[in-house]
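These protein sequence lines are chains A and B, in that order. Using the numbering used here, read the first sequence as starting at 96 and increasing by one per residue. Using the numbering used here, read the second sequence as starting at 15 and increasing by one per residue. Beta carbons: idealized from backbone N, C-alpha and C, even for Gly. For reference, the structure discussed in these notes is given below.
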Amino acid sequence: AQKVTQAQTEISVVEKEDVTLDCVYETRDTTYYLFWYKQPPSGELVFLIRRNSFDEQNEISGRYSWNFQKSTSSFNFTITASQVVDSAVYFCALRDGGFKTIFGAGTRLFVKA
Amino acid sequence: DGGITQSPKYLFRKEGQNVTLSCEQNLNHDAMYWYRQDPGQGLRLIYYSQIVNDFQKGDIAEGYSVSREKKESFPLTVTSAQKNPTAFYLCASSKGTAPANYGYTFGSGTRLTVV
Numbered sequence: 096a097q098k099v100t101q102a103q104t105e106i107s108v109v110e111k112e113d114v115t116l117d118c119v120y121e122t123r124d125t126t127y128y129l130f131w132y133k134q135p136p137s138g139e140l141v142f143l144i145r146r147n148s149f150d151e152q153n154e155i156s157g158r159y160s161w162n163f164q165k166s167t168s169s170f171n172f173t174i175t176a177s178q179v180v181d182s183a184v185y186f187c188a189l190r191d192g193g194f195k196t197i198f199g200a201g202t203r204l205f206v207k208a
Numbered sequence: 015d016g017g018i019t020q021s022p023k024y025l026f027r028k029e030g031q032n033v034t035l036s037c038e039q040n041l042n043h044d045a046m047y048w049y050r051q052d053p054g055q056g057l058r059l060i061y062y063s064q065i066v067n068d069f070q071k072g073d074i075a076e077g078y079s080v081s082r083e084k085k086e087s088f089p090l091t092v093t094s095a096q097k098n099p100t101a102f103y104l105c106a107s108s109k110g111t112a113p114a115n116y117g118y119t120f121g122s123g124t125r126l127t128v129v
């Protein structure tokens with residue numbers, strides 16, 4: 096069965112600190128997709144990244160980077176030099192051979208000025 | 015600009031009342047979804063639709079109903095059979111019927127409260 100675990104319920108950092116959000120997933124499929132979404136206070140989830148199971152290359156986009164490790168079933172998300180605008184709830188999600196996407200419980204990030 | 019519009023933003027429901035949440039998209043996306051979000055929990059799938067006039071139950075469909083008469087529209091009705099409807103409801107769409115190839119586009123949500 097699919098499962099996504101985001102063990103960190105809330106994280107609080109001071110602006111300019113680096114922060115890593117953890118995501119551990121479970122699936123029996125060999126082909127699957129992993130996602131990260133950001134939910135700012137406005138409520139709308141914003142798609143950040145998609146990664147398929149055959150591509151373990153890490154990705155960097157500006158201050159954001161993602162570390163995908165199949166050996167540990169993890170897809171962690173790092174924000175470098177955090178800013179107040181990064182304050183949001185971040186969701187990790189998994190889609191395998193079925194049609195449904197399973198979301199983790201989310202990690203609420205507070206970035207203080 | 016293309017996107018998903020959910021209305022209303024806030025909705026109050028009396029006990030025993032049915033209410034309908036609107037979801038409209040102008041992205042020409044084939045698939046649409048309804049998720050429910052409760053505090054401290056991830057998003058849970060209520061219903062999804064891959065094509066017009068067809069939809070399937072998600073994990074928590076009891077007490078909800080949907081229709082998909084037009085590609086652009088996927089309204090959700092919260093019926094009186096839903097015993098705990100207070101939650102944040104999110105509508106989403108994806109370009110193809112294989113959303114693994116694309117991320118979802120989400121609406122800004124409807125917060126439903128039972129009074």
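Own chain residues within Cβ distance below 6 Å of residue i, not counting five before or after
| i | result |
| --- | --- |
| ARG190/A | TYR128, THR196 |
| PHE130/A | ARG145, ALA188 |
Check whether residue i and residue j have beta carbons under 7 Å apart
| i | j | result |
| --- | --- | --- |
| ALA95/B | ASP52/B | no |
| PHE198/A | PHE186/A | yes |
| GLY123/B | GLN20/B | yes |
| ASP124/A | GLY201/A | no |
CA nearest to the CA of residue i, picked from the options
| i | options | result |
| --- | --- | --- |
| LYS98/A | ALA188/A, ALA208/A, THR202/A, GLY192/A | ALA188/A |
| GLU76/B | LEU25/B, ILE60/B, ARG50/B | ILE60/B |
| VAL132/B | GLY17/B, ILE18/B, LYS28/B | Any question about residue 132/B goes unanswered here, given that chain B covers just 15 to 129. |
| VAL114/A | ILE144/A, GLN103/A, TYR120/A | GLN103/A |
CB contact below 7 Å: residue i versus chain A
| i | result |
| --- | --- |
| SER87/B | no |
| GLY110/B | no |
| VAL21/B | As written in the sequence, residue 21/B is Ser, which differs from the Val given in the question. Chain A, which has no Cβ nearer than 7 Å to the Cβ of SER21/B, makes this no. |
| SER36/B | no |
Residue-level contact to chain C via CB, residue i, 7 Å cutoff
| i | result |
| --- | --- |
| SER107/B | In summary, chain C is missing from the structure at hand, where the protein chains are A and B. |
Nonlocal neighbours in the same chain, by C-beta distance under 8 Å from residue i, ignoring five residues either side
| i | result |
| --- | --- |
| PRO89/B | THR34, LEU35, SER36, CYS37, VAL80, SER81 |
| TYR78/B | TRP48, ILE60, TYR61, LEU90, THR91, VAL92, THR93, GLN96 |
| SER169/A | ASP117, CYS118, VAL119, TYR120, ASN162, PHE163 |
| LEU41/B | GLY16, GLY17, ILE18, SER107, LYS109, THR119 |
Minimum Cβ-Cβ distance from residue i to chain B less than 7 Å
| i | result |
| --- | --- |
| ARG145/A | yes |
| GLY157/A | no |
| LEU140/A | yes |
Neighbourhood of residue i by C-beta distance below 7 Å, restricted to the same chain and skipping five residues each side
| i | result |
| --- | --- |
| THR100/A | VAL119, GLY199 |
Q: Quick one: which residues of the region 47 to 73 of chain B get their C-beta closer than 9 Å to a C-beta of chain A? List them in chain order.
A: Against chain A - using a Cβ distance shorter than 9 Å - the residues of the region 47 to 73 of chain B are TYR47, TYR49, GLN51, GLY54, GLN55, GLY56, LEU57, ARG58, LEU59, TYR62, GLN64, GLN70, GLY72, ASP73.
Q.
Along the region 195 to 207 of chain A, where does the CB come closer than 8 Å to a CB of chain B? Name the residues.
A. Contact residues of the region 195 to 207 of chain A toward chain B are LYS195, THR196, ILE197, PHE198, GLY199, ALA200, GLY201 (C-beta to C-beta distance below 8 Å).
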